[in-house]
Structures are given as C-alpha cells and as structure tokens.
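This report refers to the structure that appears directly beneath it.
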Amino acid sequence: MKNAPATFQRLVNQVLAGLDEFSAAYLDDIAVFSSTWEEHLQHLWRVIEALQKAGLTIKASKCQIGQGSVVYLGHQVGSGQVAPLQPKIDTILAWEPPKTQTEVRAFLGLTGYYRRFVKGYGTIVTPLTELTSKKQPKKVIWTEACQNAFDALKAAMCTAPVLQAPDYSKEFVVQTDASEHGIGAVLSQLNEEGLDQPVAFISRRLLPRERRWSAIEREAFAVVWALKKLRPYLFGTHFRVQTDHRPLKWLMQMRVENPKLLRWSISLQGMDFTVEHRPGTEHANADGLSRFFRLSDENSHEVG
Numbered sequence: 093m094k095n096a097p098a099t100f101q102r103l104v105n106q107v108l109a110g111l112d113e114f115s116a117a118y119l120d121d122i123a124v125f126s127s128t129w130e131e132h133l134q135h136l137w138r139v140i141e142a143l144q145k146a147g148l149t150i151k152a153s154k155c156q157i158g159q160g161s162v163v164y165l166g167h168q169v170g171s172g173q174v175a176p177l178q179p180k181i182d183t184i185l186a187w188e189p190p191k192t193q194t195e196v197r198a199f200l201g202l203t204g205y206y207r208r209f210v211k212g213y214g215t216i217v218t219p220l221t222e223l224t225s226k227k228q229p230k231k232v233i234w235t236e237a238c239q240n241a242f243d244a245l246k247a248a249m250c251t252a253p254v255l256q257a258p259d260y261s262k263e264f265v266v267q268t269d270a271s272e273h274g275i276g277a278v279l280s281q282l283n284e285e286g287l288d289q290p291v292a293f294i295s296r297r298l299l300p301r302e303r304r305w306s307a308i309e310r311e312a313f314a315v316v317w318a319l320k321k322l323r324p325y326l327f328g329t330h331f332r333v334q335t336d337h338r339p340l341k342w343l344m345q346m347r348v349e350n351p352k353l354l355r356w357s358i359s360l361q362g363m364d365f366t367v368e369h370r371p372g373t374e375h376a377n378a379d380g381l382s383r384f385f386r387l388s389d390e391n392s393h394e395v396g
C-alpha cells in the first residue's frame, strides 16, 4: 500500500493524457482552467468524458465549477496569479520561537512550502537550518542571528508578492547574481505595462569550497544552477539571462580557457537563450538574494 499514491497518480496522468493544456491533477484533485466560459464548458466535458471512459467517478458535492479563483494545494489560484493562503500565513506569524530541533524543522517545513514567494528565502533561513544539523544539540541554542532570521522570515511572509502564473506565449527572463556568500535568481515575465512580473524566486548559500571560487566562477555557477532549477519553465523556449557581470556574455560563446567554465558552458548548450549585461543599479531583484548571506554571517554570534 506504500506505493498506492504514486500508482494512482500515474493512473490519473494516463487518463488525462493530451488534456494538459487546460487541466492539471495531483492525485484526486483535478483543476480545469480556461480563458472563456465557452472554452471552460468544452474543457470540462472533455475531462469528464476521459474520467468516464476510465471508469472513474466524480462526487458532485466536492466539485467547484465556474470559479474565478480556487484553493489548490495550499495556494489561492486564479486570474493568472498564485498566492499563499492567508490562514497558513497567519499560522506562521503566530509561531513562537522554536526550542527544539523538531520545532525548528516544523517551522521550516511550513515556511519552505511557500519559499518561491519569498525573495531570498534560502538566505534568510540559513541560521535556522544550521540548528537542524546533527552536530547541534536537540535543544537549540537560540542566538540573535536566529531571532533575526525568524523575524525576517515572518516579515517576508507578510509582504510576499503575488506571483504571476507562467505564460508560455511570452518570453521568460532569468536574472542571476552571486556574492561571496550566496547565489540567487528571479524568474519573471513582462506584463502589459512592460514591467517585470515575478514568477518565482530561488536562492541558496554557497558551500565553503564554492566561496573560494573566483568572481566569474561564482557568477557562472549562479547561471548554471538557476537554469537547472528552472528547467521545467525554460526548456524548449527562448529566454533571456540578465547578469551584472559583463564577462559572462563571453562564457556562453565558449570563449574561455578555464576547464570549469568550459564544462558549464557545454552543459547549457541544449538551452536556447541570450545573455544580457544589466548594470548593478538595475539588477536589484537578483542582487538582494545573493547578498543577504553576508548579513547572516555577520549576525551569527551567540547571545546569552
């Protein structure tokens, strides 16, 4: 029975094969999305017809039809936008400072589910994730850095932006940046007003060995890591990569002799993109994601 959920998911995927342009399913939660009411009726019928052919039934009392916005997998989804559920945010805001590793993991588990809404999530939580190390005591030592991260994460959750659902008819833009301590990226698309609309934020802390790399190696790694993480959005489409590190433009043209950079450049050959230099003054989105790590390190002393 351990494999029952995965088996059922494969069944649903097979039943809805060919209908993925207007439907998505997670186990028995099926969402059907359309641009117009007329289209929606057609899409609903095709999904219902596919379920009937497979011998599956639908419970009418659990269906929501013709909704402009619905709750789906812990998110409020509708009108081309995705937002975290307010009750979940309220739970995070009411959370007391953890006293044990188990409580820290529970807090990180809940906030981590909404990490793509928080700019620099991976950097903000660094002092907290370090508390979960096997080398740390079960009863955590709550430092000033931990409290700062705890408060910063709550504040970030309060102001988390509403993300735009990806529109595959539009071009994606990936803004990347690296500092001595971390890397970050923002996936966005231009809206009707020509303004960047975020689709997702990603970031992570650099490992000790990665911090010893040169500036161009860190900047290149930020691009390689970001494109790998964002591959489901980007593969098969042309997109732009924006960086404030001008030499990276040559990296993608393989005009390098550094074996590491050459290897990374080759690994990206299957993706269709152009690299643009964006001055640091215009690169605040990604820049902030990588530079928060310095603050985390500087505030890592214990209080007592």
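The numbers in the sequence shown follow our numbering, run straight up by one, and end at 396.
We treat Cβ as the ideally placed atom computed from N, Cα and C, and that holds for glycine.
Beta carbon of residue i nearer than 8 Å to that of residue j
i: A472; j: T268; result: The chain is shown only over 93 to 396; residue 472 falls outside these bounds and no answer can be derived.
i: E284; j: L353; result: no
i: R332; j: V265; result: yes
i: V316; j: S359; result: yes
i: V291; j: P258; result: yes
i: S161; j: S171; result: yes
i: L185; j: C238; result: no
i: V254; j: T224; result: no
i: Q334; j: Q289; result: no
Proximity test, Cβ basis, 8 Å: residue i and chain D
i: I275; result: You won't find chain D in this structure, because it holds only one protein chain.
Chain-order list of residues whose beta-carbon lies under 6 Å from that of residue i (same chain, five-residue window excluded)
i: R323; result: none
i: Y164; result: A123
i: H375; result: Confidence at H375 is low in this model, with a pLDDT of 46, below 50, so its placement is unreliable and the value that follows should be read with caution. Same-chain partners within the cutoff: D336.
i: L287; result: none
i: A307; result: none
i: V104; result: A117
Own chain, CB closer than 7 Å to residue i, minus 5 neighbours either side, in chain order
i: T221; result: L200
i: P176; result: H167, Y206, F209, A252
i: Q178; result: none
i: S126; result: F114, H132, H135
i: F327; result: M363
i: Q416; result: For the chain, the structure presents residues 93 to 396; residue 416 sits outside this window and is missing.
i: L111; result: R138, V139, A142
i: K341; result: V367, H369
i: Q156; result: V162
i: W234; result: P189
i: K230; result: T192, Q193
Cβ-based neighbour list, residue i, same chain, cut-off 8 Å, excluding 5 preceding and 5 following
i: Y149; result: The displayed chain sequence assigns Thr, not Tyr, to residue 149. Once the five neighbours on either side are set aside, the close Cβ partners of T149 are L143.
i: G147; result: none
i: L108; result: S115, A117, I122, V139, A142
i: P97; result: L119
i: G158; result: W129, H132
i: Y260; result: T329
i: R355; result: none
i: T183; result: L202
Whole-Å CB distance - residue i paired with residue j, under 8 Å assumed
i: V217; j: P190; result: Not a contact, Cβ separation roughly 12 Å.
i: Q402; j: Q193; result: With the chain represented from 93 up to 396, any question about residue 402 goes unanswered, as that position is not in the structure.
i: R303; j: E272; result: 6 Å
i: E263; j: H369; result: Contact doesn't hold; Cβ gap of about 18 Å is too wide.
i: F293; j: K226; result: Rounded, the Cβ-Cβ distance is 29 Å, inconsistent with contact.
i: T203; j: L136; result: Contact doesn't hold; Cβ gap of about 35 Å is too wide.
i: A270; j: E311; result: 5 Å
i: P219; j: A198; result: Incorrect: roughly 17 Å between the Cβ atoms, too far for contact.
Identified DSSP bridge partners for residue i
i: I275; result: A270, R296
i: S280; result: V265, P290
i: V163; result: Q168
i: S115; result: V124
i: Q173; result: G170, Q256
i: F242; result: Per DSSP, none; premise fails for F242.
i: K231; result: T192
i: T366; result: R332
> Mind pulling the beta strand (DSSP E) runs of 3 or more residues that sit fully within the segment 286 to 331?
Replying inline: 288 to 297
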